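A.B. asks: I'd like to ask you about the structure that follows.
Structure below.
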């Protein structure tokens, strides 16, 4: 695989100097155009030690405008990072739309070095790479331009270069004992690299193998590739925008009847027994009981650093707020956070839609309650046409992957759909209009959403079907009777915590 | 001081139940009104152990809508927190406008417990309280409503209550060995509390001492105080907004002539020798030299966890970008971040204006370069009238306090004003219009700003006069000659790093 990167290719100083001014102007110009574009550029550097990763990153910062570049390199995770899923630190560092992110020792570091050093098996490396591929695909699908450079050196060149780096006082710091240790394992590194590139070079995020021995050659290849890729992506997005605008009108016309037809199909929701209820006395007793139980369980989970994430979705007026309040009553306020999800902020809009949920993940042992959630993508955004068909359809897998990462990190995850019948909703809307301090809760939008009941029901059905997994199942809550719904939710959370505490005893 | 809080005041269950529904409705209603208001509410709970701090915070979350409440309690700082100034963690947790933040074990914890336990002297406590007072004043000046509750118990009551808490399995976890240890030091705690309250109860952030023995009494006092304070603050802000609108027009008319008059006064800037320059050959040599020097110094600072913050202010076209690029060339891109400051984002606008600078402070050993900075408040915001006279005038002290905290945390801080003459600026503007890839840099705004040269000069003069402190001096850079300016900036940063490394040898 690396033969072509050991040919000793070079660029003379004259050629380089002749090319440099124009290339630099073009890069700066593209950076300006990028600032107004609706996608970020993510550039990953990896490869063998001494092949010029650092120098190239420095040069990109030097040639381009460093104000619109974010450079990130990763060492051992901080304690705040360790207490969240592994990818949390990459998500929080993602460049917003219009900026360029340069990543060193990134998400490739562990699978690559781990496998080369024999700390993880080839199979484990490949498993890790699947997550990598999914991560990059998720970002690319959202429009991100992803470029990956694998900087290569032959065995001989590597030794030569490390020596040279060591001799120059300006660069000696770059060479560590680890680097020399790695050279001894050169063959293993190259074998791991080959597998890594094979498994993670995808259409949306190709690896570019760069011969790293000659700095001018290396620089020329990287800078030219960056320039061409940004220019191409800018042009492609413009075309895509035009096509999307073109397609919009007929698509909207076609949208009307579909959901109505679906509304007449039996759905998962229609199978629920909506007469379920609990008597007032039983409710008071059960509430006390569950509250006490949850209090203890939350406490234990806090002590053992087990985080909880609760997701509440449901019809307007289904009682999400009331149920959440019963849950927060059963925990110490120090220890939970309720995150109401409404329209994203400006900073959130400049990122992948999942970014704003990643950012709210709490430190170990905390309870995070989402009042509406990432499922908005496949519910309101789908029904109202805020997300393209493509976007909400691929969201199912993106969500499953996100939740898998939560659960793998040890988080207890419960997802609730609070279901009421249209008749019950109408009664509650009318009641809200009558009670003074609840009036604010009832908006024009609620009435509008109600008209689309059928479309929403179809969306809920698909959502449950596609995202109720073994490790992150949906709990459908019959919520026509509020007490019943609350007890069911509290009991479910209690059971989940108990299981988690037992399994990790 | 606490006699009035040891009277054994009580509220009967009947009275409480009679009051509760209305109070709760009022609180929920106020919370809705608050959501649309332009200030946050910050509520601090402190006091002796067992006096009901936790319960009250839980109750506030229970009675009000937890979605618009942020509850924060602090333990030992995380490593990410330890690597920044002490108050970083409080700044990052501040509620945005329209929300309520409840703070436990907050900025009062260390001065209070530290002094009571004898870990710090009374004088040290008072010094820490000065920072507290300044912090709260800064937020209150920006419109925040600050409420502080000191929960008190008599010695006898405290013992009784801790015992009772321990007996109830639902609350036993709240009582730690530390609590019992603290009771033995009751008198010392009370003495420290008295001093603390005396020093930190200010008009903008009064302490309310609450007798904590009876939960219904305690709850009634806190909830009523919260309700009244929010209602009053909402009303006061409405009046203030009206007055501000009323005053606006004549104020704008009066604004005109003032800066022009000031422009004719000699200013700090006019004392600069603007003919300073460096010959091309000397420049190349000096640049190489300073670059090498900085590279080593940055490296050492990184290893020793010494952070650097560089601030660049200056006239349009004074060469900030070029100077910054020479500095970033002298560091490893892994290790610095250039933060361009333009209009604040939506999330930033919902916070105190300093919040967005606090959030950008990097972990230990990193270099953060601000291309424009918090000084915008006293420059562009002053001259353009974006900030009220009150707001920019008090900003000088807020800035000094912010910078003091940086320096106390061990950060190397350099502030540069890049100065050019109006003639030089004109020449550079004209040149920019001619060079293709620099055209984007020249905007209508640049020409407009130029017309206000006098007003800006007066503002710069005041800024330097008021914020050039011993620990954070301004470096005025004669920048008509770009090479000279760059070398001066690089040398200044190098000297500052060298001094810091030596002093902390």
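Protein chains in written order, with the numbering used here: chain F, 280 to 784; chain G, 280 to 784.
Quick reminder that beta carbons are idealized off the backbone N, C-alpha and C, glycines included.
Keep in mind that this is a model prediction, so the values were computed, not measured.
Let's see if you can read the secondary structure: which residues bound the beta strand (DSSP E) around residue 295/G?
C.D. replies: Residue 295/G -> not in any beta strand (DSSP E); alpha helix (DSSP H) instead, spanning 292-314.
A.B. asks: Apart from the five residues just before and just after residue 597/G, which ones in its own chain have a Cβ nearer than 6 Å to its Cβ?
C.D. replies: 697, 699 and 758
A.B. asks: Tell me the residue span of the alpha helix (DSSP H) that contains residue 659/G.
C.D. replies: 659-662
A.B. asks: Looking at chain G, is there any beta carbon in it that lies within less than 7 Å of the beta carbon of residue 269/F?
C.D. replies: For chain F, the structure presents residues 280 to 784; residue 269/F sits outside this window and is missing.
A.B. asks: Going along the chain, which residues of its own chain have a beta-carbon closer than 7 Å to the beta-carbon of residue 537/G, five neighbours each way excluded?
C.D. replies: Summary for residue 537/G: the model assigns pLDDT 49, below 50, so the residue's position carries little reliability, and this model does not support an answer.
A.B. asks: Residue 466/F by DSSP, collapsed to three states: which one?
C.D. replies: The answer is helix: DSSP assigns residue 466/F an H, G or I state.
A.B. asks: Once the 5 residues before and after residue 555/F are set aside, which same chain residues still bring their CB inside 6 Å of it?
C.D. replies: 757 and 763
A.B. asks: Below 8 Å between beta carbons is the criterion; list the residues of the segment 370-401 of chain F that meet it against any residue of chain G, in chain order.
C.D. replies: 381 and 383
A.B. asks: From the beta carbon of residue 358/F, is the nearest beta carbon of chain G less than 7 Å away?
C.D. replies: At a cut-off of 7 Å between C-beta atoms, residue 358/F counts as an interface residue with respect to chain G.
A.B. asks: So with CB distances below 8 Å, who are the chain G contacts of residue 447/F?
C.D. replies: Simply none; closest approach about 10 Å.
A.B. asks: Any heavy atom of the ligand MG closer than 6 Å to the beta-carbon of residue 587/F?
C.D. replies: With respect to small molecules bound, the structure shown includes none, and the ligand MG cannot be examined in it.
A.B. asks: Quick check: what's the CA-CA separation for residue 454/F versus residue 520/F?
C.D. replies: 47 Å
A.B. asks: Enumerate in chain order the residues of its own chain whose CB-to-CB distance from residue 283/G is below 8 Å, with the five nearest sequence positions on each side excluded.
C.D. replies: 488 and 490
A.B. asks: Apart from the five residues just before and just after residue 464/F, which ones in its own chain have a Cβ nearer than 8 Å to its Cβ?
C.D. replies: 395 and 396
A.B. asks: Using a Cβ cut-off of 7 Å (strictly closer), state whether residue 437/F contacts chain G.
C.D. replies: no
A.B. asks: Closest Cβ-Cβ distance between residue 565/F and chain G: below 7 Å?
C.D. replies: no
A.B. asks: Looking at residue 588/G: is its Cβ nearer than 7 Å to the Cβ of residue 690/G?
C.D. replies: yes
A.B. asks: Would you list, in sequence order, the uninterrupted alpha helix (DSSP H) runs of no fewer than 4 residues that lie entirely inside the segment 429-515 of chain G?
C.D. replies: Runs of the alpha helix (DSSP H) lying entirely within the segment 429-515 of chain G and spanning at least 4 residues, in chain order: 434-446, 456-463 and 465-479.
A.B. asks: Using 8 Å as the threshold, is the segment 474-489 of chain G in touch with the segment 412-422 of chain G, meaning 3 or more CB pairs across them?
C.D. replies: yes
A.B. asks: Do you know whose CA, among 752/G, 619/G and 582/G, lies nearest residue 611/G's CA?
C.D. replies: 582/G
A.B. asks: Let me check one thing: in DSSP terms, what residues is residue 753/G bridge-paired to?
C.D. replies: Answer by DSSP bridge pairing, in chain order: 694/G.
A.B. asks: Going straight from the alpha carbon of residue 781/G to that of residue 592/G, what length do you get?
C.D. replies: Going from the Cα of residue 781/G to the Cα of residue 592/G covers about 28 Å.
A.B. asks: Against chain F, which members of the segment 576-587 of chain G pass a CB distance test of less than 8 Å?
C.D. replies: 578
A.B. asks: Going along the segment 313-333 of chain G in order, which residues come within less than 8 Å of chain F, judged by CB to CB distance?
C.D. replies: 333
A.B. asks: Since residue 322/F and residue 381/F should fall inside the 8 Å C-beta cutoff, what is the C-beta to C-beta distance between them, to a whole number of angstroms?
C.D. replies: 5 Å
A.B. asks: Name the chain G residues whose beta carbon is nearer than 7 Å to that of residue 619/F?
C.D. replies: Residues of chain G passing the Cβ test: 346.
A.B. asks: Would residue 440/F and residue 329/F qualify as a contact pair, given that the criterion is a beta-carbon distance under 7 Å?
C.D. replies: yes
A.B. asks: Helix, strand or coil: which one does DSSP assign to residue 351/F?
C.D. replies: strand
A.B. asks: Quick check: what's the CA-CA separation for residue 734/F versus residue 497/F?
C.D. replies: CA-CA distance, residue 734/F to residue 497/F, rounds to 54 Å.
A.B. asks: Does the CB of residue 336/F have a neighbour CB from chain G at under 7 Å?
C.D. replies: So, interface residue.
A.B. asks: Cβ closer than 7 Å: which chain F residues qualify as neighbours of residue 719/G?
C.D. replies: 311
A.B. asks: Classify residue 779/G: buried if its beta carbon has 16 or more other beta carbons within 10 angstroms, exposed otherwise.
C.D. replies: The residue is buried, with at least 16 neighbouring Cβ atoms inside 10 Å.
A.B. asks: My assumption, with CB atoms under 8 Å, is that residue 760/F sits in contact with residue 595/F. Please give the rounded CB distance.
C.D. replies: Going by Cβ atoms, the distance from residue 760/F to residue 595/F rounds to 18 Å, so no, they are not a contact pair.
A.B. asks: Measure the alpha-carbon distance for residue 791/F versus residue 639/G and round it to whole angstroms.
C.D. replies: In the structure as shown, chain F begins at 280 and stops at 784. Residue 791/F is therefore absent and cannot be evaluated.
A.B. asks: If we cut at 7 Å on Cβ distances, does residue 368/F have a partner in chain G?
C.D. replies: no
A.B. asks: Taking Cβ positions only, does residue 602/G come closer than 7 Å to chain F?
C.D. replies: no
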